[in-house]
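Reading the sequence shown from the start, the letters are residues 17 to 232 in the working numbering. Backbone N, C-alpha and C fix where the C-beta goes; we use that ideal spot for every residue, glycine too. The structure displayed is predicted, hence computed values, not measured ones. First up is the structure itself, then whatever we jot down about it.
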Amino acid sequence: MLNAMFTKKDIGGIVKLFEKNYGELKPFLNFNNAFQLLIAVVLSAQCTDKRVNIITADLFKRYIKPSDLAKKDLKDFEEEIKTCGMYHNKAKNLIEASKILTENFDNEVPKDFDSLVSLPGVGRKSANVILGTYFNEERFPVDTHVLRVANRIGLVNRKTPEKTEDDLTAIIPPNLWMKMHRWLIYHGRTYCTAKNPKCADCFLKGYCLYYKSKNL
Ligand code: SF4
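Shown next as structure tokens:
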């Protein structure tokens, strides 16, 4: 539901400012196919995209399709990804997911939300990233930046990613979902950081409820 403080014109104004300042943002994670995107997305949990891209630059020379990883020794794979944190779980999940993809999905990543979230290590946000990024579906993945920035601006007033996704998809036109997802992430990394947001310099301050509440 549209936050009562925002009209459709306001939403249009925010979109225009994002478009003007950030334009078309490319995906933050590198990949060559859907399976590699899945690997990158799983590795990115509580790890920077920059670090993931460093790890995958080498990793993707060896792992091109699920069957390349399905039979990999767990300890060896842990060694290869250990600089990204939580690597025990990530390695276990990725090898298990690769086995399932090899055996049940013809060695391919399914273009289907329910099948994706059935894979170990793939939750709602990750499935939406894969569907929106690789399969060009209209999706609105909500990560920690999207959650924080959308709530600070006041586009939504929600505590969970699921409810935030529900409300954002209700007020933003579907053709802008993936764009807005990337804009909010990028804004969360540049201006609207978790600690000490750079409000004075932010191009959205004319709309932002957080800014207005601090500058009454
Ligand atoms: S004005 Fe501050 S709180 Fe609002 S979007 Fe900009 S950086 Fe974030």
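For residue i, count neighbouring C-beta atoms within 10 Å of its own C-beta (all shown protein chains included) and say buried if the count is 16 or more, exposed if not.
i    : result
R78  : exposed
M21  : exposed
Q52  : buried
E124 : exposed
T180 : buried
S229 : exposed
I80  : exposed
L110 : buried
D74  : exposed
F171 : Residue identity check: residue 171 is Leu in the sequence provided, not Phe. It counts as buried.
H203 : buried
D183 : buried
A166 : buried
L200 : buried
G137 : buried
K175 : exposed
T160 : exposed
What residue does the alpha helix (DSSP H) around residue i start on, and which one ends it?
i    : result
R78  : 65 to 78
F34  : 24 to 38
K269 : The chain is shown only over 17 to 232; residue 269 falls outside these bounds and no answer can be derived.
F51  : 50 to 59
K228 : 225 to 230
T185 : 177 to 187
V260 : No answer is possible for residue 260: the residues shown for the chain start at 17 and end at 232.
L200 : 193 to 206
Please tell me whether, using a cut-off of 7 Å, the distance from the CB of residue i to the nearest non-hydrogen atom of the ligand NAD is below it.
i    : result
F121 : The model on display carries the ligand SF4 but not the ligand NAD.
Checklist entry - If you pair each beta-carbon of the stretch 109 to 123 with each one of the stretch 149 to 156, do three or more pairs fall below 8 Å? => result no
Item to check | Inside the stretch 95 to 144 only - alpha helix (DSSP H) runs reaching at least 4 residues | outcome: 103 to 120, 129 to 133
Item to check | Residues surrounding the ligand SF4 [beta-carbon distance to nearest heavy atom under 7 Å] | outcome: V165, R168, I169, H203, Y207, C208, P213, K214, C215, C218, L220, K221, C224, Y226, Y227
Checklist entry - Is the stretch 185 to 192 in contact with the stretch 129 to 145, if contact means three or more CB pairs nearer than 8 Å? => result no
Next on the checklist: Taking 8 Å as the cut-off, does the stretch 127 to 137 touch the stretch 95 to 103 (at least 3 CB pairs, one atom from each stretch)?
Outcome noted: no
Checklist entry - Are the stretch 31 to 41 and the stretch 53 to 72 touching by the rule of at least three beta carbon pairs closer than 8 Å? => result no
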